[in-house]
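Everything on this sheet refers to the single structure shown next.
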DNA sequence: CTTGAAGTGTTACTTTGTATCATGTACGGA
DNA sequence: TCCGTACATGATACAAAGTAACACTTCAAG
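Protein chains in written order, with the numbering used here: chain P, 271 to 431; chain L, 271 to 431.
The structure is reproduced here in structure tokens:
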């Protein structure tokens with residue numbers, strides 16, 4: 271498996287084989303859950319697929335309306351529970367700035383420290399690996415959120431004409 | 271003026287002269303606004319004081335109920351507008367994880383990159399200076415959010431007995 | 001085949017945040 | 001001084017996001 275160059279433009283901002291990321295990530299999720307014993311039930315699996323297919327941050331209610339259309343659930347807790355599960359398992363992340371969720375393209379089972387690049391123009395969000403920021407001693411960090419808002423390459427280069 | 275040691279435990283997690291931070295920050299806010307021409311109106315000033323006195327993150331509706339009790343306004347937009355102004359001026363920050371706002375203890379007029387340490391036990395939040403995290407080239411960062419959840423020294427040392 | 005833990009369905013509600021329009025107020029220029 | 005414009009506030013009415021609680025089902029381990 272090839273490791274991404276941390277300096278390069280994230281794949282999310284470039285044209286890429288979309289169906290491929292979906293199937294890859296689903297396969298990774300399946301095997302992680304099999305390994306850990308977590309139950310990837312139909313609703314949870316479908317929510318993960320929806321996030322992966324959307325390939326952008328989706329609000330809980332966006333996800334819910336997809337579920338509803340497919341007869342998989344129509345009430346907020348259904349969506350929130352599935353999303354909570356996925357976040358707990360590291361299969362999805364919550365983007366605090368957007369009150370939204372996005373599938374993790376490379377779930378690893380570990381608590382990887384990730385940063386999110388949020389393009390304010392096109393709405394695309396890229397997850398990039400990141401070191402935990404330097405913080406004072408004497409605070410026991412358990413979880414770190416790093417979110418950067420700005421312009422992706424495409425939007426910076428070709429602003430809406 | 272003494273510069274804080276970036277390695278030391280942040281003042282927020284230690285006993286300190288509270289009234290002093292309030293008056294210092296208010297004075298700094300006054301002079302920044304005078305300089306920039308921003309209008310620190312009564313409601314805005316009072317909201318800043320409320321945040322400073324609270325010395326912890328407060329929800330917009332917490333602030334609003336204080337305002338209401340004082341006859342300064344009772345409807346959500348009053349609070350949100352004042353808070354928006356303070357955030358724009360760099361006099362307060364929004365803590366995304368908490369949907370809450372906290373006064374900036376050392377407003378500078380600059381867009382300083384700050385990290386927030388959120389104690390999940392006692393709820394105290396400290397603002398600490400931080401470098402922007404290393405991110406891939408090709409994304410034009412405009413604003414960065416860094417929030418760490420964990421345990422402050424006091425709560426890690428003496429867990430609820 | 002029972003039993004307990006985990007997952008789902010549903011009701012009802014709380015909390016958080018905004019769009020919009022009407023009204024007020026400070027302040028510089030005619 | 002009076003006026004207009006820009007900014008600030010007041011108020012209504014919603015929209016969006018999130019959760020507590022309870023009943024019921026399913027799964028899989030003993």
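All C-beta atoms in this analysis are idealised placements derived from N, C-alpha and C, irrespective of residue type, glycine included. Bear in mind that the values here come from a model prediction, so they are computed numbers and not experimental data.
Bounds of any alpha helix (DSSP H) do not take in residue 420(P); it lies within the beta strand (DSSP E) bounded by 409–422. Taking 8 Å as the upper bound for CB-CB distance, residue 389(P) and residue 428(P) are not in contact here, some 13 Å apart.
Here residue 363(L) is buried, its C-beta having at least 16 other C-beta atoms within 10 Å.
Taking 9 Å as the Cβ-Cβ cut-off, the region 413–427 of chain L approaches chain P at 413, 414, 415, 416, 417, 418, 419, 420, 421, 422, 423, 425, 426, given in chain order. Chain-ordered listing is empty here: chain P has no CB closer than 8 Å to the CB of residue 394(L), the nearest sitting near 10 Å. Comparing C-alpha distances from residue 309(L) to each of 349(L), 355(L), 342(L), 320(L) shows the shortest one belongs to 355(L). Counting only the Cα atoms, residue 358(L) lies some 40 Å from residue 287(P).
Residue 298(P) places its beta carbon 8 Å or farther from that of residue 411(L).
Between the alpha carbons of residue 278(P) and residue 371(L) lies a distance of about 35 Å. Excluding its 5 nearest sequence neighbours in each direction, residue 394(L) has C-beta neighbours in its own chain below 7 Å: 282, 283, 326, 422, listed in chain order. When Cβ-Cβ separations below 8 Å define contact, residue 411(L) makes contact with chain P. Only residues of its own chain outside the window of five on either side were considered, and among them 349 have a CB closer than 6 Å to the CB of residue 334(L), listed in chain order. At least one C-beta of chain P is nearer than 8 Å to the C-beta of residue 408(L). When rounded, the separation of the alpha-carbon atoms in residue 346(P) and residue 339(P) is 14 Å. Interface annotation for the region 343–372 of chain L against chain P: 366, 367, criterion Cβ-Cβ distance under 8 Å. Assignment of beta-bridge partners to residue 363(P) by DSSP yields 372(P).
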